[in-house]
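Input: a single structure, listed below in structure tokens.
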Amino acid sequence: MNENMANYQYTIDLPMPSPELSPQDVIGLIMESLRQNDKEDTGIETTFNFASPANKLAAGPLVNYKHQVKNPLFQPILNFTSYKTSDLVSDGECAQQIIITRSEEGWDSGFLFTLTKQDAEPYTDCWMIDSVRRVNPKMYGVTV
Numbered sequence: 001m002n003e004n005m006a007n008y009q010y011t012i013d014l015p016m017p018s019p020e021l022s023p024q025d026v027i028g029l030i031m032e033s034l035r036q037n038d039k040e041d042t043g044i045e046t047t048f049n050f051a052s053p054a055n056k057l058a059a060g061p062l063v064n065y066k067h068q069v070k071n072p073l074f075q076p077i078l079n080f081t082s083y084k085t086s087d088l089v090s091d092g093e094c095a096q097q098i099i100i101t102r103s104e105e106g107w108d109s110g111f112l113f114t115l116t117k118q119d120a121e122p123y124t125d126c127w128m129i130d131s132v133r134r135v136n137p138k139m140y141g142v143t144v
């Protein structure tokens with residue numbers, strides 16, 4: 001495997017997608033990983049493990065993904081103190097949930113997670129993240 005392809009692969013010593021994980025399980029695992037992100041960025045790497053193939057194609061290799069998550073727009077999803085979720089909405093193939101994080105300074109930030117159930121090997125029946133978008137937390141009535 002060449003070095004460029006390796007950048008799109010899993011970090012195998014971290015949690016991995018599994019058909020046994022529900023969308024709620026995936027989001028919970030990701031949020032706890034991002035809340036505890038460390039100097040080695042294991043929270044971001046765990047999230048990258050759960051990025052769908054389409055997400056990875058759009059985002060690029062892990063190094064790009066790390067830069068995107070550390071961008072000021074998404075920075076509040078790292079090392080927050082607490083979070084709340086809206087009800088998860090799913091049609092069995094696609095799931096969405098609003099996540100509101102609270103920083104140490106008391107700032108709330110909203111994110112819309114979209115996951116899809118994969119239908120191709122090696123991810124068949126695994127829920128993976130297609131996108132995470134910033135949203136206005138006040139619009140969704142979810143408070144921390």
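Under UniProt numbering, the first residue of the sequence shown carries the number 1, and numbering increases by one thereafter. Idealized CB from N, CA, C, for every residue including glycine. Since this is a predicted model, take the numbers as computed values, not measurements.
- For Gln68, no beta strand (DSSP E) encloses it; the enclosing alpha helix (DSSP H) starts and ends at 62-70.
- For Leu78 against Leu34, the beta-carbon gap comes to about 6 Å, under 8 Å, which counts as contact.
- Counting the other Cβ atoms within 10 Å of the Cβ of Gln36 gives fewer than 16, which makes it exposed.
- Spanning the alpha carbons of Lys39 and Lys66 requires a straight line of approximately 12 Å.
- Per DSSP, Ile99 lies in no alpha helix (DSSP H) segment; the continuous beta strand (DSSP E) that holds it begins and ends at 94-102.
- When DSSP states are grouped into helix, strand and coil, Leu115 belongs to the strand group.
- Taking a cut-off of 8 Å for Cβ pairs, the stretch 40-53 and the stretch 88-106 do not touch, as fewer than three such pairs fall below it.
- In this structure Lys117 touches Trp127 by the C-beta definition: roughly 6 Å separates them, less than 8 Å.
- At the C-beta level, Gln97 and Phe80 stay beyond 9 Å of one another.
- Looking at Leu62, Asp41, Ile99, the one whose alpha-carbon comes closest to that of Val135 is Ile99.
- Under the three-state reduction of DSSP, Gly141 is assigned to coil, being neither helix nor strand.
- Under the DSSP assignment, Ser52 falls outside any beta strand (DSSP E); it carries neither an H nor an E label.
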